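To start, the structure under review is shown below, and the notes come after it.
There are 2 protein chains.
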Amino acid sequence: MTHRKDYYPSRQAPGPQMLERVDPVVHAAEPAAAPVDPALVERYDREGFLMLDGLFEPGEVEVMREELERLRAEADAAQGDELIREPGSEVLRSIFRVHRVSPVFARLASDARLVRLAEHILGDRVYVHQSRLNYKPGFFGKEFYWHSDFETWHVEDGMPRMRALSVSISLLENTPWNGPLMLVPGSQRRYVACVGETPEDHFRQSLRKQEYGVPDPASLARLVDEGGITTATGPAGSTVFFDCNTMHGSNGNITPAPRSNVFIVYNAVSNRVGAPYGPREPRPDFLAERADFTPLNAIEGRIHRPRSAA
Amino acid sequence: MTHRKDYYPSRQAPGPQMLERVDPVVHAAEPAAAPVDPALVERYDREGFLMLDGLFEPGEVEVMREELERLRAEADAAQGDELIREPGSEVLRSIFRVHRVSPVFARLASDARLVRLAEHILGDRVYVHQSRLNYKPGFFGKEFYWHSDFETWHVEDGMPRMRALSVSISLLENTPWNGPLMLVPGSQRRYVACVGETPEDHFRQSLRKQEYGVPDPASLARLVDEGGITTATGPAGSTVFFDCNTMHGSNGNITPAPRSNVFIVYNAVSNRVGAPYGPREPRPDFLAERADFTPLNAIEGRIHRPRSAA
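Same order as they appear, the protein sequences are chains A and B.
Per our numbering, the first sequence starts with residue -4, numbered consecutively.
Per our numbering, the second sequence starts with residue -4, numbered consecutively.
Have a look at this one:
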């Protein structure tokens, strides 16, 4: 193994540590060239996320929701590592790699409204590091504990630097009480190095219930003291861009209303993953693209129902 | 056993049923004699609950919070059926019967601001059926699933009719994201009869995680479709009066901010408990007063720190 500097060590020290971020949040060379109001990008820089309503038309959201239901019906009859179920109830929680298996979500991943803003923020062309559908069922949807995505992507997938972001698009209404995404403004500037070691095959458990790579309570309390909590609530179609290191999580959901979101993770092509920074083998391809770093070509226009649909 | 009519049978039929309430929600003979704006009582009648801010002064809330911390510190070193801990973590979740063990909460239970409104709504003098402190710790507070209190009090404690109410006073801020009380407006008019039988010693489990006497998803979805969900958020000291049959619950809490509330349940003296309507022995005294139905004498004035405190 060649020697690489690890700017963001984690799961190595016996106690938690809070490190400063060494990478910019917004990598754009020309702020004025933003595909949205530059003030929104400044806000993203400051808070670590940006909520955009109305980016997609209701008809487009409907097409995505139909596709979600189709994939869910297929998944009910299927087995596969890409299908993650709720602890306890075995109800479907996530489907990964949807941009590879669904023409609708492949089209979404290349959508110019997402790709151009991702390219601007990351200051580079981009590829999809991960994609997934999350279902939070009504009545018994479980919480998703606080985490920085980057911590896992760095330690377990080998992502070198903080130059990636997630886009989450809600496919159903997100209310304050059905377990919406919670984000900690400003947390993207701190790196909470976690305690302990990564067990073998950690991903099988962590996607159901995170127990390693978990930030410690004191660091979380400090981040929330400094930045507070913002909840991503809004109608179906609401879109959130958030930095790879923004601390986020969600509470459980006992309400009857399910919550469904599609996530696309864009990584700068210059930041492609290599060997993991942790001691284990890399996670499988459905969680982290390891072979195809071809930059996406942005597709203009609206998202339509695929022609092949009956 | 003498024959009694059971107006609210539950846990008997093989399938769930939704029955109409046969009792009034507001039993007051003279609506104009309300100790608060009669429009508020009309609202309670319609929605099944009433939120009142500013009923207690900040100094009074502080006295209650100090008492809560004192009782919690005592409880950490103690064992007892009255102390209920979180499933999994063993962190303290509830202390019951606080109006019998704490001078501050005994005083609170007799407070004229609570007793007079309870007497008005219930149209009778009142006694304390149950009291408790609920702690929802930060980071890993678990959800409390939807339930009607009356269903349990009827089946397991032998409360004959719907002529009781709860008062919940928040001792810390309740935000939308730290697992606040959620109530379903209008649900007090429907009785969701639950499926199945009550196991022996059910209370030992049900206080940690409710699995019997649980309303079915279809009935819950119907109640929420009809009435929506209202969240009891607000500063420390916010007070909610809610009917014994109002459907309520709360989500978990992964935020750093804990949530603590004191609950006092008032029952009309004419509605004192008898033999349970279910097949089991009654629950113990700390959960349901079975011996002392003496009506409370309302105490006027503010709540002060007890003189004996150091």
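Every residue gets a Cβ at the ideal spot worked out from N, C-alpha and C, and that includes glycine.
Predicted, not measured: the structure shown is a model, and the values here were computed from it.
Is the separation between the beta-carbon of Lys131/A and that of Asn266/A shorter than 8 Å?
Contact annotation: Lys131/A and Asn266/A have beta-carbon atoms that are not nearer than 8 Å.
Quick check on DSSP: helix, strand or coil for Trp148/A?
helix
6 Å Cβ shell around Arg156/B - same chain, five flanking residues per side excluded:
Asp18 and Asn266
Using a threshold of 8 Å, state whether the C-beta atoms of Pro11/B and Asp220/B are closer than that.
no
Anything in the region 138 to 165 of chain A with a Cβ closer than 7 Å to a Cβ of chain B? List those residues in chain order, please.
Within the region 138 to 165 of chain A, Glu138, Tyr140 and Trp141 place their CB atoms closer than 7 Å to a CB of chain B, listed in sequence order.
Best match in Gly223/A, Arg158/A and Val190/A for proximity to Met177/A [C-alpha to C-alpha]:
Taking only the C-alpha atoms, the option nearest Met177/A is Gly223/A.
Tell me, please, which residues DSSP counts as bridged to Leu47/A.
Thr234/A
Just mark Leu14/A as buried or exposed, buried being the case when its beta carbon has 16 or more other beta carbons within 10 Å.
exposed
Using a Cβ-Cβ cutoff of less than 6 Å, which residues in the same chain neighbour Pro98/B once the five nearest sequence positions on both sides are dropped?
Taking C-beta separations shorter than 6 Å and ignoring five residues to either side along the sequence, the partners of Pro98/B in its chain run Pro301, following chain order.
With a cut-off of 8 Å, does the C-beta of Gln205/B fall near any C-beta of chain A?
Any reading at Gln205/B needs caution, since the residue's pLDDT is 49, under 50, leaving its predicted position unreliable; the model's value is listed next. So no, Gln205/B is outside the interface.
Helix, strand or coil for Arg6/A, going by three-state DSSP, please let me know.
coil
Quick one: grab the DSSP three-state call for His115/A.
helix
Interface residues of the region 223 to 242 of chain A facing chain B [CB-CB below 9 Å]:
So the list reads Ile224, Thr226 and Thr228, given in the order they occur along the chain.
Checking 8 Å against the spacing of the C-beta atoms, do Val162/A and Ile259/A come in under that value?
yes
Cβ pair Met133/B, Pro253/B closer than 8 Å:
The question names Met, but residue 133/B in the sequence shown is Gly. Yes, the Cβ-Cβ distance between Gly133/B and Pro253/B is below 8 Å.
Between Val150/A and Arg6/A, which are expected to be in contact by the criterion C-beta below 8 Å, what is the C-beta distance as a whole number of angstroms?
6 Å
Run the CB neighbour count on Gly244/B, radius 10 Å, all protein chains shown included, and call it buried at 16 or more, exposed below.
buried
Whole-Å CB distance - Ser233/A paired with Asn169/A, under 8 Å assumed:
7 Å
Are any of the Cβ atoms in chain B nearer than 8 Å to that of Phe134/A?
yes
Tell me which residues share the same chain as Pro271/B and place their Cβ nearer than 7 Å to its Cβ, disregarding the 5 neighbours each side in the sequence.
Val150, Glu151, Asp152, Gly153 and Pro277
Which value, in whole angstroms, describes the spacing of the CA atoms of Tyr3/B and Ala188/B?
7 Å
By alpha-carbon positions, which one of Ala68/A, Asp144/A and Arg184/A ends up nearest to Leu282/A?
Asp144/A
Report the neighbours of Leu215/B on chain A: residues whose CB is nearer than 8 Å to its CB, in chain order.
Phe134 and Pro251
Closest to Trp148/B by C-alpha separation, out of Ser165/B, Arg158/B and Pro26/B, would be which residue?
Arg158/B
Alpha helix (DSSP H) runs contained entirely in the region 127 to 183 of chain A, provided each spans 4 or more residues
For the region 127 to 183 of chain A, the full-length alpha helix (DSSP H) segments reaching 4 residues or more read 144 to 150 along the chain.
How about Pro30/B: is its C-beta nearer than 8 Å to some C-beta of chain A?
no
Assign Ser89/A to one of three DSSP states: helix, strand, or coil.
strand
Going straight from the alpha carbon of Gln205/B to that of Leu167/A, what length do you get?
Model confidence at Gln205/B stands at a pLDDT of 49, short of 50, so the residue's coordinates are unreliable; what they give is reported in the following sentence. Their Cα atoms are separated by approximately 28 Å.
Residues within the region 43 to 68 of chain A neighbouring chain B, beta-carbon criterion of under 7 Å:
none
With distance defined between alpha-carbon atoms, name the residue in Arg111/A, Trp141/A and Ser165/A nearest to Phe310/A.
This structure does not reach residue 310/A, given that chain A is present from -4 up to 305, and the question cannot be answered.
Using three-state DSSP, classify Glu42/B as helix, strand or coil.
It is helical.
What number of angstroms, rounded off, separates the C-alpha of Asp280/A from the C-alpha of Leu128/B?
49 Å
Evaluate Gly296/B with the Cβ neighbour count: other Cβ atoms within 10 Å of its Cβ, from every protein chain shown; 16 or more gives buried, anything less gives exposed.
When all chains shown are included, Gly296/B counts as exposed.
Which of the residues in the region 166 to 184 of chain A, read from start to end, lie with their CB under 9 Å from any CB of chain B?
For the region 166 to 184 of chain A, residues whose beta-carbon sits nearer than 9 Å to a beta-carbon of chain B comprise Thr170, Pro171, Trp172, Asn173, Gly174, Pro175 and Met177.
Local conformation of Ala305/B per DSSP, three classes:
For Ala305/B, the pLDDT reaches just 48, beneath the cut-off of 50, and the residue's location in the model is therefore unreliable, leaving the point undetermined.
Check whether the Cβ of Val219/A lies closer than 8 Å to any Cβ atom in chain B.
yes
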